[in-house]
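Input: a single structure, listed below in structure tokens.
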Amino acid sequence: MNIGRITAIVCKDFLEALRNKTVLIAVLLPLVASLFLAAVDNPQQPQMFLVGVTGSESRQLTLFLKEAAADAIVVSPYRDAAAGKEAVTQGQIHALIVAEPGERFIAYLDGANPMNYFPLKDVLQTVLSAYKGRRFEPVVDLVILNQGKTSTSLLPLWLTVTAVMIGVMVLSGSFAEEKEKGTLDSIRVSSAVDGEILLGKGIFGTLLVLVVSSIMLWLNKVELKGEPAAAAALLLILGAVSFTAIGLIIGLHARSQSAARAISTLVYLPLIFPAVTADLSPITRRAAEVLPSFYLYRGLRKALQYQADWESVGGEILPLAGFALVLSLLTLLAYRRTLDRER
Amino acid sequence: MQRAVIAMTQPAIAVENLVKQYGQTLALQGISFQVYPGEVFGYLGPNGAGKTTTIRLLAGLSSPTSGACWVLGQPTFKNPALYRHLGIVFEESHLYERLTGMENLRFFGALHGVPTARIQELLETYDLVKAAKRPVRTYSKGMKRRLFICRALLHDPEVLIMDEPTSGLDPTSAAVIHAAIDHYRKQGKTIFLSTHDMSEAEALCDRVAFLSKGRIAALDQPKALMRRYGQPVVVIQLKPAAEAVDTLEKAVSSDQVSWEDELLTVRLPLDEPGLGAKIDQLRDWGQIISIHTQEASLGEVFRQVTGTKLP
Ligand SMILES: Nc1ncnc2c1ncn2[C@@H]1O[C@H](COP(=O)(O)OP(=O)(O)O)[C@@H](O)[C@H]1O
Ligand SMILES: [Mg+2]
Numbered sequence: 000m001n002i003g004r005i006t007a008i009v010c011k012d013f014l015e016a017l018r019n020k021t022v023l024i025a026v027l028l029p030l031v032a033s034l035f036l037a038a039v040d041n042p043q044q045p046q047m048f049l050v051g052v053t054g055s056e057s058r059q060l061t062l063f064l065k066e067a068a069a070d071a072i073v074v075s076p077y078r079d080a081a082a083g084k085e086a087v088t089q090g091q092i093h094a095l096i097v098a099e100p101g102e103r104f105i106a107y108l109d110g111a112n113p114m115n116y117f118p119l120k121d122v123l124q125t126v127l128s129a130y131k132g133r134r135f136e137p138v139v140d141l142v143i144l145n146q147g148k149t150s151t152s153l154l155p156l157w158l159t160v161t162a163v164m165i166g167v168m169v170l171s172g173s174f175a176e177e178k179e180k181g182t183l184d185s186i187r188v189s190s191a192v193d194g195e196i197l198l199g200k201g202i203f204g205t206l207l208v209l210v211v212s213s214i215m216l217w218l219n220k221v222e223l224k225g226e227p228a229a230a231a232a233l234l235l236i237l238g239a240v241s242f243t244a245i246g247l248i249i250g251l252h253a254r255s256q257s258a259a260r261a262i263s264t265l266v267y268l269p270l271i272f273p274a275v276t277a278d279l280s281p282i283t284r285r286a287a288e289v290l291p292s293f294y295l296y297r298g299l300r301k302a303l304q305y306q307a308d309w310e311s312v313g314g315e316i317l318p319l320a321g322f323a324l325v326l327s328l329l330t331l332l333a334y335r336r337t338l339d340r341e342r
Numbered sequence: 000m001q002r003a004v005i006a007m008t009q010p011a012i013a014v015e016n017l018v019k020q021y022g023q024t025l026a027l028q029g030i031s032f033q034v035y036p037g038e039v040f041g042y043l044g045p046n047g048a049g050k051t052t053t054i055r056l057l058a059g060l061s062s063p064t065s066g067a068c069w070v071l072g073q074p075t076f077k078n079p080a081l082y083r084h085l086g087i088v089f090e091e092s093h094l095y096e097r098l099t100g101m102e103n104l105r106f107f108g109a110l111h112g113v114p115t116a117r118i119q120e121l122l123e124t125y126d127l128v129k130a131a132k133r134p135v136r137t138y139s140k141g142m143k144r145r146l147f148i149c150r151a152l153l154h155d156p157e158v159l160i161m162d163e164p165t166s167g168l169d170p171t172s173a174a175v176i177h178a179a180i181d182h183y184r185k186q187g188k189t190i191f192l193s194t195h196d197m198s199e200a201e202a203l204c205d206r207v208a209f210l211s212k213g214r215i216a217a218l219d220q221p222k223a224l225m226r227r228y229g230q231p232v233v234v235i236q237l238k239p240a241a242e243a244v245d246t247l248e249k250a251v252s253s254d255q256v257s258w259e260d261e262l263l264t265v266r267l268p269l270d271e272p273g274l275g276a277k278i279d280q281l282r283d284w285g286q287i288i289s290i291h292t293q294e295a296s297l298g299e300v301f302r303q304v305t306g307t308k309l310p
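Protein chains in written order, with numbering that gives the first Met the number 0: chain A, 0 to 342; chain B, 0 to 310.
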């Protein structure tokens with residue numbers, strides 16, 4: 000192994016990437032997209048809930064709501080409960096209150112959006128207790144943490160998307176291009192050995208992911224220190240190595256640059272989708288557990304959002320390290336096999 | 000005598016019973032030859048003869064189906080140490096088009112551990128100093144080829160292998176490359192030159208091998224091949240009388256004559272029986288414009304030996 004030759008390959012790849020529009024787009028796109036996340040932290044208007052009212056007491060209730068909760072609720076009357084429920088299921092209103100005389104009203108809430116569901120439940124309970132003339136007594140004092148950190152909850156997702164995008168898309172294209180244009184043969188007839196060529200490419204891919212991730216964190220004003228910072232860095236390195244290896248394997252097998260692009264698009268979606276939807280159902284969860292992207296995403300979320308320490312991200316770092324190792328070995332094997340065989 | 004001395008030293012390139020098969024295609028059907036140190040060895044053949052296949056094997060980029068090859072006594076396949084002494088000019092100029100000429104040479108120079116001074120020297124020799132600041136994308140084909148030759152010479156290799164380095168180039172660019180080959184041979188280096196340009200081979204090569212359909216049909220010095228296979232001919236240019244044309248075309252076999260405007264060129268082997276009488280007869284049929292003898296060209300020899308014509 001010769002450090003000088005590996006460095007030369009890494010530097011050459013960076014120079015080439017800077018002058019390659021396709022690569023620049025793949026790198027800049029997630030960066031620009033991540034900037035929109037910052038806007039999420041400063042909601043311009045407080046949330047208004049659309050609430051339908053029906054039933055024989057609906058007149059009084061409507062008047063009361065307009066008086067008491069004009070800043071949180073927009074009221075609209077409904078002919079009957081059926082029409083109102085229909086409106087809720089279609090997402091036209093957030094809730095329907097059926098106001099009939101008696102101890103309790105019935106309210107139908109739109110459960111499709113958990114972001115609305117809980118605050119709305121709170122608002123309705125408070126306002127309706129007041130209407131009934133009862134005191135609403137909260138049993139706890141709620142103190143909200145992590146407020147204004149919506150972007151830190153989305154950043155792990157963007158970082159994962161970026162790592163997969165650069166590793167898989169950029170590296171597969173770069174390697175396929177070297178094969179197609181014959182520059183790989185040019186390198187192979189120099190003193191550089193197989194290991195140096197692969198290591199150079201792998202380091203380039205990993206560094207590119209790290210550089211872009213750092214820029215993304217900096218743009219979004221995320222300040223990490225100590226253990227969470229180190230954990231996030233290690234997760235990103237291991238993820239970058241894994242996805243770079245996948246990109247190289249694709250590049251090795253693709254006959255041309257366009258074939259490499261097609262294959263990596265096919266690989267990209269199944270790689271990213273189950274990972275970010277793992278929490279939705281047991282099926283996506285099981286699919287996600289066999290993917291490195293899942294561990295990267297979950298680990299980054301712990302580190303960035305909850306400032307996790309080493310111990311609590313161990314469950315992500317270890318599997319990710321396993322992926323990085325196995326995929327790197329597979330790349331070396333694939334390199335030996337495809338290049339020994341005549342193209 | 001001289002040959003015996005050379006043959007005793009280790010060959011720069013040795014190829015033994017080399018066979019290469021791609022699926023159903025037998026690209027090389029058992030090839031053997033040796034290239035001596037310090038010689039320019041021409042590897043001649045039409046498209047598809049197997050020149051590039053041989054070169055990829057010599058460069059260690061693919062493995063033979065059977066047989067073997069050595070460069071400087073070392074096996075070529077999977078032998079990175081070899082590339083310290085071997086330079087290769089591929090058929091296509093494999094360069095990074097987005098990088099400048101200088102950046103390309105710096106990169107490959109770093110892979111070979113070559114100082115920047117060497118790069119500057121090569122750029123000057125090949126008249127690329129100004130162009131070196133521009134991306135290779137903007138280069139002409141000739142400039143790309145010159146830069147690629149610089150790339151192959153960076154580490155001053157003992158053996159230089161070139162795959163049709165002048166094909167598709169204008170005469171001026173080709174002349175620069177011919178001069179480079181000549182310059183390099185004068186430093187005592189060995190050059191393996193694949194080409195389908197016969198006059199190039201005749202002018203530059205110490206020995207040539209004729210490659211046809213994956214086999215070597217002949218191998219020797221160009222002069223010797225021409226002596227052995229090529230017969231010198233008498234070339235007669237004639238302005239035939241109108242009424243004699245028919246008789247004339249019947250009298251001489253068709254591959255001996257060719258028309259050019261009003262003039263008829265007749266080629267007769269110098270050792271043809273009754274040559275004098277034939278020339279006298281031609282004199283009866285028209286006005287003789289010129290008459291001279293000519294050595295057979297290497298291209299004609301190639302046609303005779305292999306039965307195929309080079310473009
Ligand atoms: N990678 C390959 N796969 C299949 N056939 C090939 C391959 N490379 C060369 N050939 C075939 O081998 C023969 C020799 O080709 P090549 O060595 O490129 O000839 P040349 O360089 O003399 O023009 C041709 O018939 C060609 O079609
Ligand atoms: Mg060829």
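Glycine residues also receive a C-beta, built at the ideal position from the N, C-alpha and C atoms.
These numbers were taken from a predicted model, which means no experiment stands behind them.
Where the alpha helix (DSSP H) through residue i begins and ends
| i | result |
| --- | --- |
| Met197 of chain B | 197 to 203 |
| Lys277 of chain B | 274 to 284 |
| Phe147 of chain B | 140 to 152 |
| Ala86 of chain A | 80 to 88 |
| Arg55 of chain B | 50 to 57 |
| Ile186 of chain A | 182 to 187 |
| Pro113 of chain A | 113 to 130 |
Proximity below 9 Å, CB of residue i to CB of residue j
| i | j | result |
| --- | --- | --- |
| Ala346 of chain B | Leu210 of chain B | Since the displayed chain B opens at 0 and closes at 310, residue 346 of chain B lies outside it and no answer follows. |
| Val87 of chain A | Asp70 of chain A | no |
| Gly44 of chain B | Ser193 of chain B | yes |
| Ser75 of chain A | Val97 of chain A | no |
| Leu64 of chain A | Ile72 of chain A | yes |
| Ile118 of chain B | Ile148 of chain B | no |
| Gly181 of chain A | Phe242 of chain A | no |
Rounded C-alpha distance that separates residue i from residue j
| i | j | result |
| --- | --- | --- |
| Ala319 of chain B | Gln186 of chain B | A query on residue 319 of chain B cannot be resolved here, the shown segment of chain B reaching from 0 to 310 and no further. |
| Thr264 of chain B | Ser257 of chain B | 5 Å |
| Ile307 of chain A | Ile214 of chain A | The sequence shown places Ala at residue 307 of chain A, rather than the Ile named in the question. Cα-Cα distance, rounded: 22 Å. |
| Asp155 of chain B | Gly86 of chain B | 8 Å |
| Trp217 of chain A | Thr161 of chain A | 15 Å |
| Pro10 of chain B | Thr292 of chain B | 39 Å |
| Phe293 of chain A | Val126 of chain A | 42 Å |
| Gln286 of chain B | Pro231 of chain B | 23 Å |
| Arg214 of chain B | Ser190 of chain A | 32 Å |
| Gln220 of chain B | Glu242 of chain B | 47 Å |
| Thr189 of chain B | Pro155 of chain A | 59 Å |
| Asp205 of chain B | Leu218 of chain B | 11 Å |
| Glu177 of chain A | Leu183 of chain A | 5 Å |
| Asn19 of chain A | Ser212 of chain A | 19 Å |
| Ile54 of chain B | Met225 of chain B | 26 Å |
| Pro100 of chain A | Ala82 of chain A | 20 Å |
| Leu317 of chain A | Leu303 of chain A | 18 Å |
| Asp196 of chain B | Ala323 of chain A | 52 Å |
| Ala343 of chain A | Leu235 of chain A | Since the displayed chain A opens at 0 and closes at 342, residue 343 of chain A lies outside it and no answer follows. |
| His93 of chain A | Leu30 of chain A | 34 Å |
Local Cβ density within 10 Å of residue i, reported as buried at 16 or more and exposed below that
| i | result |
| --- | --- |
| Arg58 of chain A | exposed |
| Asn103 of chain B | buried |
| Leu168 of chain B | buried |
| Ile282 of chain A | exposed |
| Val289 of chain A | exposed |
| Glu38 of chain B | buried |
| Leu17 of chain A | exposed |
| Glu163 of chain B | buried |
| Met47 of chain A | exposed |
| Ser172 of chain B | buried |
Anticipated Cβ contact below 8 Å, residue i with residue j, distance rounded
| i | j | result |
| --- | --- | --- |
| Glu195 of chain A | Arg4 of chain A | 5 Å |
| Tyr42 of chain B | Phe191 of chain B | 6 Å |
Bounding residues of the beta strand (DSSP E) (the contiguous stretch that carries residue i)
| i | result |
| --- | --- |
| Val244 of chain B | Careful: Val244 of chain B lies outside any beta strand (DSSP E), inside the alpha helix (DSSP H) at 244 to 250. |
| Glu163 of chain B | Where Glu163 of chain B is concerned, there is no enclosing beta strand (DSSP E), given that its DSSP letter is neither H nor E. |
| Phe48 of chain A | 48 to 53 |
| Ala26 of chain B | 24 to 34 |
| Gly66 of chain B | 65 to 70 |
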